[in-house]
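Peer 1: The numbering of the sequence shown is the numbering used here, which starts it at 55 and goes up by one. Every residue, glycine too, gets a C-beta built ideally from N, C-alpha and C. Small disclaimer: the values here were computed from a predicted structure and weren't measured. Quick one: the structure is below, and I'll ask about it shortly.
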Amino acid sequence: MDINKILLPVDGSEIFEIAAQKAIEIASAYDSEIFILNVENRIEREKYSAHTQVEFKLEEDAAREQSKKILEDAKNFFRQSGLKVSTTIKKGNPAAVIIDMAEEEGFDLVIMCSRGLGSGKRFLLGSVAKKVVYQCNVPVLIAK
55 MDINKILLPV DGSEIFEIAA QKAIEIASAY DSEIFILNVE NRIEREKYSA
105 HTQVEFKLEE DAAREQSKKI LEDAKNFFRQ SGLKVSTTIK KGNPAAVIID
155 MAEEEGFDLV IMCSRGLGSG KRFLLGSVAK KVVYQCNVPV LIAK
């Protein structure tokens, strides 16, 4: 099995480094490229009235800046690895975006943490990770 493209979804959670280290190990062994994905928080425009569009724009800008920072921090983790690393931000439902990107863009492997920002420590597998594992047609490695 060749592993040329690895998708590494990140959400800014503290356990990112566990999945990132696995990505480095596998990418080094297979000479793979790592694509770091952050799914930006979805902000529903409908809940804002016409006179609160300024608030909507401020929230949207804050979400975009947070995504940029998450990706910059993640990319910094890989600086010394010598691996080819790309980053991208997408909007939408995190699980759906991860699955769609993995399948539509020909990824060979998805590596993600067992839980992210939204999961309590008592859960074995976070809701996003669980959906990706059960619904994605691309192999998924869960790091914990």
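How would you call V194, buried or exposed, if buried means at least 16 neighbouring beta carbons within 10 angstroms?
Peer 2: buried
Peer 1: According to DSSP, simplified to helix, strand and coil, what is F89?
Peer 2: strand
Peer 1: Please tell me whether D162 and D56 are closer than 9 Å, where the distance is taken between their beta carbons.
Peer 2: yes
Peer 1: Once you ignore the five residues that flank Y84 on each side, which residues in its own chain have a CB closer than 6 Å to its CB?
Peer 2: I57
Peer 1: To the nearest angstrom, report how far apart I90 and E109 are at their CA atoms.
Peer 2: 29 Å
Peer 1: May I have the straight-line CA-CA distance separating N191 from E158, to the nearest angstrom?
Peer 2: 10 Å
Peer 1: Hey, out of S135, A74, V182 and E79, whose CA is closest to N147's CA?
Peer 2: V182
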